[in-house]
Amino acid sequence: MSAVRCIDLCKTYRQGDVDIKALDHLTVEIEKGEFVCLMSPSGGGKTTLLNAIGGLDIPDSGEVWIAGERIDQMSKGELADLRLANIGFVFQAYNLIPVLTAQENVEFVMQVQGVSSAERRNKSFAILEEVGLKGLEGRRPAEMSGGQQQRVAVARAIVSRPELVLADEPTANLDSKTSTELMELFTELNEHHNTTFVIATHDQRVQAYAKRLVRMLDGRIVDDVEQHAA
Amino acid sequence: MRMFFVLSRLAWRYLWRNHRRTIVMLSAIAVGTWAMIFMTALTRGMVDQMIVDGISVIPGHVQIHDPEYLDDPSVNNRVAFSDTEIAARFSDAGFTAWASRVRVPAVVTSERESRGVTLLGIDPAAEKSFSFVDYDNVDGRFLEGPDDKGIVLGAKLAETLETRVGKRVVLMSQDPDNEIADRGFRVVGLFHAEMEATEESYTFVGKHTAQNMLRIGDTVTEVVFLGDDYRDVEPVYNKVVGLVDDSVRVSRWTEVDTYLGTMMGMMDGFMLIWVIVIFLALSFGLVNTLVMAVFERIREIGLMLALGMKPSSILGQILIESMMLLAVGLVIGDFLAWATIKPLESGIDISVVAKGMEMFGAASVLYPNLDINDVILSNVVVMILGFFASLSPAWRASRYEPVEAITKV
Ligand SMILES: Nc1ncnc2c1ncn2[C@@H]1O[C@H](COP(=O)(O)OP(=O)(O)OP(=O)(O)O)[C@@H](O)[C@H]1O
Ligand SMILES: [Mg+2]
Numbered sequence: 023m024s025a026v027r028c029i030d031l032c033k034t035y036r037q038g039d040v041d042i043k044a045l046d047h048l049t050v051e052i053e054k055g056e057f058v059c060l061m062s063p064s065g066g067g068k069t070t071l072l073n074a075i076g077g078l079d080i081p082d083s084g085e086v087w088i089a090g091e092r093i094d095q096m097s098k099g100e101l102a103d104l105r106l107a108n109i110g111f112v113f114q115a116y117n118l119i120p121v122l123t124a125q126e127n128v129e130f131v132m133q134v135q136g137v138s139s140a141e142r143r144n145k146s147f148a149i150l151e152e153v154g155l156k157g158l159e160g161r162r163p164a165e166m167s168g169g170q171q172q173r174v175a176v177a178r179a180i181v182s183r184p185e186l187v188l189a190d191e192p193t194a195n196l197d198s199k200t201s202t203e204l205m206e207l208f209t210e211l212n213e214h215h216n217t218t219f220v221i222a223t224h225d226q227r228v229q230a231y232a233k234r235l236v237r238m239l240d241g242r243i244v245d246d247v248e249q250h251a252a
Numbered sequence: 135m136r137m138f139f140v141l142s143r144l145a146w147r148y149l150w151r152n153h154r155r156t157i158v159m160l161s162a163i164a165v166g167t168w169a170m171i172f173m174t175a176l177t178r179g180m181v182d183q184m185i186v187d188g189i190s191v192i193p194g195h196v197q198i199h200d201p202e203y204l205d206d207p208s209v210n211n212r213v214a215f216s217d218t219e220i221a222a223r224f225s226d227a228g229f230t231a232w233a234s235r236v237r238v239p240a241v242v243t244s245e246r247e248s249r250g251v252t253l254l255g256i257d258p259a260a261e262k263s264f265s266f267v268d269y270d271n272v273d274g275r276f277l278e279g280p281d282d283k284g285i286v287l288g289a290k291l292a293e294t295l296e297t298r299v300g301k302r303v304v305l306m307s308q309d310p311d312n313e314i315a316d317r318g319f320r321v322v323g324l325f326h327a328e329m330e331a332t333e334e335s336y337t338f339v340g341k342h343t344a345q346n347m348l349r350i351g352d353t354v355t356e357v358v359f360l361g362d363d364y365r366d367v368e369p370v371y372n373k374v375v376g377l378v379d380d381s382v383r384v385s386r387w388t389e390v391d392t393y394l395g396t397m398m399g400m401m402d403g404f405m406l407i408w409v410i411v412i413f414l415a416l417s418f419g420l421v422n423t424l425v426m427a428v429f430e431r432i433r434e435i436g437l438m439l440a441l442g443m444k445p446s447s448i449l450g451q452i453l454i455e456s457m458m459l460l461a462v463g464l465v466i467g468d469f470l471a472w473a474t475i476k477p478l479e480s481g482i483d484i485s486v487v488a489k490g491m492e493m494f495g496a497a498s499v500l501y502p503n504l505d506i507n508d509v510i511l512s513n514v515v516v517m518i519l520g521f522f523a524s525l526s527p528a529w530r531a532s533r534y535e536p537v538e539a540i541t542k543v
């Protein structure tokens with residue numbers, strides 16, 4: 023059973039008079055425990071694909087299966103439950119709830135899941151330390167740099183150990199030392215907990231950690247290669 | 135419950151993100167609430183006063199008459215048992231106050247004028263508690279006992295009759311055989327009442343003097359009882375019913391004076407309408423505030439949905455936010471109302487406008503009445519209506535697409 027399976031996905035956006043095929047008969051299968059890097063020039067369809075996999079956006083046609091369940095026909099409520107229980111997200115543009123502190127943002131998903139407050143506290147403190155934000159737990163997003171906010175988002179995505187992590191440009195805004203640390207953390211989760219990672223990125227350093235590189239262009243997959251860790 | 139806590143915290147934080155808007159809205163709610171309660175307290179004070187004055191004109195929360203008396207208040211329809219028997223039954227029964235009276239229509243004639251009046255033959259000692267008239271504010275003197283041979287008129291009536299203390303008047307009525315019953319009295323006092331109508335229509339003489347004049351021996355036409363609260367006369371009513379038989383009719387004051395009884399019932403309806411009217415004005419602001427609060431938060435709502443929060447929780451979050459706003463506003467408004475009404479409870483002099491109000495039976499000093507039930511009612515109504523007014527913006531918020539959050543700014 024694949025962790026992610028997309029069959030013949032199409033998604034067309036209309037911009038003015040032109041139709042843009044963000045996904046063009048795209049088929050891809052990702053096994054549990056894979057570490058996949060999605061690459062394309064800007065506008066290649068990476069975000070659109072991640073949204074389809076995460077059940078945030080329903081494709082015009084085609085099927086999306088997550089862990090053996092078809093999700094493109096699920097109700098909003100079912101999709102919400104699926105995301106809450108199985109998927110960790112790092113979004114490209116907008117990630118944190120501005121009225122909550124870093125720690126509260128990290129705890130947000132666990133809180134909705136119903137994790138006890140003691141456990142939440144322990145986990146959120148530990149993960150914030152791992153992403154290098156020890157001491158900033160009480161800051162609100164507006165009081166942190168872009169890179170720090172990005173790390174809070176990553177911490178939130180992985181703190182409850184989801185089976186699948188979908189990350190859109192997780193290393194944007196990060197210096198090379200921090201992005202390396204982050205990728206080490208991802209790799210460790212991938213190897214020790216068999217977490218599946220699908221990461222959209224332009225970043226060469228991220229690509230170096232991937233075990234599978236999928237290149238996209240205009241909504242299609244143009245190259246799909248296994249590679250061994252550097 | 136856990137979710138409620140999560141949502142409440144979010145709602146509270148969002149409420150204070152835009153201080154200025156929240157404070158403006160809070161002030162509006164607080165002022166609206168204040169207006170609701172303040173106006174209601176004034177109106178209730180006025181109606182209470184009318185009722186209290188009204189009851190003191192037909193004094194007694196509970197009354198006993200002959201079954202025919204209310205339709206035909208004549209000397210023929212007297213209470214079936216003697217005044218001595220009445221005293222024996224009620225004196226030691228533990229009533230706050232009670233009195234028996236002779237009350238019949240009569241004509242009073244001075245040297246110049248005649249007027250129809252209600253003759254009251256009373257025992258002044260028993261009447262003290264009934265605050266019929268202000269006994270301390272009598273020109274001349276009030277009656278001194280049931281055998282007093284003098285008569286006390288209203289100041290206004292004396293003016294009409296062109297008589298005064300020390301002069302004589304003739305009182306004329308009928309005895310049980312329909313024979314003329316009359317008697318001359320010396321005017322010993324002139325009483326003052328809140329309302330001119332009272333001064334014009336009531337004249338007091340001693341109970342025994344009235345019984346002699348009307349040739350009715352040891353009988354009376356009514357027995358009246360006071361309870362602790364005119365709004366709840368049932369305890370007194372039940373007690374009186376237990377002490378008499380079918381030969382007399384026991385009535386609550388609302389049955390004796392249906393106008394005042396209806397008035398009291400209408401007050402509650404008026405109160406509700408007033409609360410709703412103010413709320414409607416407030417609800418525009420409230421809904422607008424919520425719509426704005428939701429609109430500037432589309433992306434955050436989308437993000438929460440994307441992370442797996444249920445649409446119903448988004449709905450809940452906005453509703454809680456609205457309820458919090460209302461609750462805080464109500465508390466402030468309640469406090470304002472309390473703080474402004476308390477100092478006025480000793481009475482507001484409205485004599486400037488009182489002449490015009492008298493036709494409604496209102497007095498010239500207004501005592502605002504802050505009734506806890508009115509406060510509760512207005513708060514509950516605002517919360518309930520506020521809940522429904524918030525449903526639409528909250529529901530719209532819960533319908534947002536999560537993807538809107540993560541697509542770029
Ligand atoms: N909501 C939308 N409305 C219209 N067009 C859209 C929308 N979302 C995406 N597109 C278009 O679909 C195409 C694919 O977009 P997508 O965001 O998936 O690209 P991407 O690979 O994530 O790009 P980037 O690297 O810049 O993030 C682009 O041409 C984009 O302009
Ligand atoms: Mg993108």
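Quick mapping for you: the protein sequence lines, in order, are chains A and B.
The number in the numbering used here is simply the position in the first sequence, starting from 1, with 22 added.
The number in the numbering used here is simply the position in the second sequence, starting from 1, with 134 added.
All C-beta atoms, glycine included, are put in the ideal place defined by N, C-alpha and C.
Q: Closer than 8 Å by beta-carbon distance: list the chain B residues that pair up with A102 (chain A), in chain order.
A: Residues of chain B whose Cβ lies closer than 8 Å to the Cβ of A102 (chain A) are, in chain order, L439, G442, M443, K444 and P445.
query = Any Cβ of chain B within less than 7 Å of the Cβ of Q133 (chain A)?
reply = Yes, Q133 (chain A) counts as interfacial toward chain B.
Open item on the list: Within 8 Å, do at least three Cβ pairs link the region 203 to 216 of chain B to the region 511 to 530 of chain B?
Closed with: Taking 8 Å as the limit for Cβ pairs, the verdict is that the region 203 to 216 of chain B does not touch the region 511 to 530 of chain B.
Practice task
Find the nearest neighbour of H199 (chain B) within the set B:V238, B:M180, B:I163 and B:S225, judged by alpha-carbon distance.
Solution key: Its Cα nearest to that of H199 (chain B), the residue B:V238 stands out among B:V238, B:M180, B:I163 and B:S225.
Heavy atom of ligand 1 within 6 Å of Y35 (chain A) beta-carbon
True, at least one ligand heavy atom lies under 6 Å from that Cβ.
According to DSSP, which residues form a beta bridge with R92 (chain A)?
Looking at the DSSP assignment, R92 (chain A) forms a beta bridge with A:W87.
Original post:
Between R151 (chain B) and chain A, is there a C-beta pair that is closer than 7 Å?
Top reply: Judged by the 7 Å Cβ criterion, R151 (chain B) is in contact with chain A.
Exercise. With DSSP run on the structure shown, which of helix, strand or coil describes H326 (chain B)?
Worked result: Three-state result, H326 (chain B): coil.
Shorter than 7 Å from the beta carbon of Y148 (chain B) to some beta carbon of chain A?
Interface residue, yes.
Any non-hydrogen atom of ligand 2 within 6 Å of Q229 (chain A) CB
For Q229 (chain A), the shortest separation between its Cβ and any heavy atom of ligand 2 does not lie below 6 Å.
Would you say the beta carbon of G99 (chain A) comes nearer than 6 Å to a heavy atom of ligand 1? Not one heavy atom of ligand 1 falls within 6 Å of the beta-carbon of G99 (chain A).
Inset, instruction - Check whether the region 97 to 110 of chain A touches the region 43 to 63 of chain A, counting contact only when three or more Cβ pairs, one atom from each stretch, lie closer than 8 Å. - result: No: fewer than three Cβ pairs fall under 8 Å.
Problem - D352 (chain B) classed as buried or exposed, judged by whether at least 16 other C-beta atoms fall within 10 angstroms - result: By the 10 Å Cβ count, D352 (chain B) comes out exposed.
query: So what's R142 (chain A) in DSSP terms, helix, strand or just coil?
result: Three-state result, R142 (chain A): helix.
Note down, in chain order, all residues in the region 73 to 84 of chain A with a beta-carbon under 8 Å from any beta-carbon belonging to chain D.
Chain labels in this structure do not include chain D; the protein chains are A and B.
When the distance is taken between beta carbons, is I452 (chain B) closer than 7 Å to A523 (chain B)? No; because the gap between Cβ atoms is not below 7 Å, this pair is not in contact.
Does DSSP put M23 (chain A) in a helix, in a strand, or in coil?
The DSSP-derived three-state label of M23 (chain A) is coil.
* Asked: Start and end of the beta strand (DSSP E) containing T49 (chain A)?
  -> Going by DSSP, T49 (chain A) is part of the beta strand (DSSP E) stretching over V40 to I52.
Query - Burial state of Y534 (chain B) (16 or more Cβ within 10 Å) - result: With 16 or more other Cβ atoms within 10 Å, it is buried.
Can you find a C-beta in chain A that's less than 7 Å from the C-beta of K542 (chain B)? Note that K542 (chain B) scores a pLDDT of 49, beneath 50, so its modelled location is shaky; the value from the coordinates is reported in the next line. It does; some Cβ of chain A falls within 7 Å.
Q. When every heavy atom of ligand 2 is checked, does at least one fall within less than 6 Å of the C-beta of T69 (chain A)?
A. When distances are taken from the beta-carbon of T69 (chain A) to the heavy atoms of ligand 2, the shortest one is below 6 Å.
Short of 8 Å in beta carbon distance, which residues of its chain neighbour D30 (chain A), apart from the five on each side in sequence? Order them along the chain.
Contacts found: H47, L48, T49, S83, G84 and E85.
>> Taking 6 Å as the cut-off, is the beta-carbon of I42 (chain A) closer than that to any non-hydrogen atom of ligand 1?
In response: At least one heavy atom of ligand 1 is nearer than 6 Å to the Cβ of I42 (chain A), so yes.
Could you tell me if the beta carbon of S417 (chain B) falls within a distance shorter than 6 Å of some heavy atom in ligand 1? If you check the C-beta of S417 (chain B) against ligand 1, you find no heavy atom less than 6 Å away.
Anything in chain B within Cβ reach of F111 (chain A), meaning under 7 Å, just list it in chain order. Chain-order list of chain B residues neighbouring F111 (chain A): A440 and L441, by C-beta distance under 7 Å.
task = Name the residue from A:E51, A:T70 and A:V26 whose alpha carbon lies nearest to the alpha carbon of D190 (chain A).
result = When each option's Cα is compared against that of D190 (chain A), the closest is A:T70.
Listed by chain order, chain B residues near R105 (chain A) by CB distance under 8 Å = A440, L441 and G442, listed in chain order.
Residue interval of the alpha helix (DSSP H) (run including V140 (chain B)):
First-last of the alpha helix (DSSP H) with V140 (chain B): R136 to R151.
**Report entry** First through last residue of the alpha helix (DSSP H) which encompasses G467 (chain B)
**Finding:** Taken as a continuous stretch (DSSP letters only), the alpha helix (DSSP H) holding G467 (chain B) covers P445 to I475.
Here's the rule I'm using: 16 or more other beta-carbon atoms within 10 Å means buried, otherwise exposed. How should G250 (chain B) be labelled? It counts as exposed.
How would you write the range of the alpha helix (DSSP H) that I285 (chain B) sits in, first residue to last?
For I285 (chain B), no alpha helix (DSSP H) encloses it; the enclosing beta strand (DSSP E) starts and ends at G284 to G288.
State the Cα-Cα distance for the pair V137 (chain A) and D508 (chain B), rounded to the nearest angstrom.
Near 44 Å, if we compare the C-alpha coordinates of D508 (chain B) and V137 (chain A).
Suppose only complete runs of 3+ residues qualify. What are the beta strand (DSSP E) ranges in the region 137 to 211 of chain A, listed by chain order?
Unbroken beta strand (DSSP E) stretches of 3 residues or longer found wholly inside the region 137 to 211 of chain A: 186 to 190, given in chain order.
Per DSSP, Y336 (chain B) is paired with what?
-> B:T252, per the DSSP bridge assignment.
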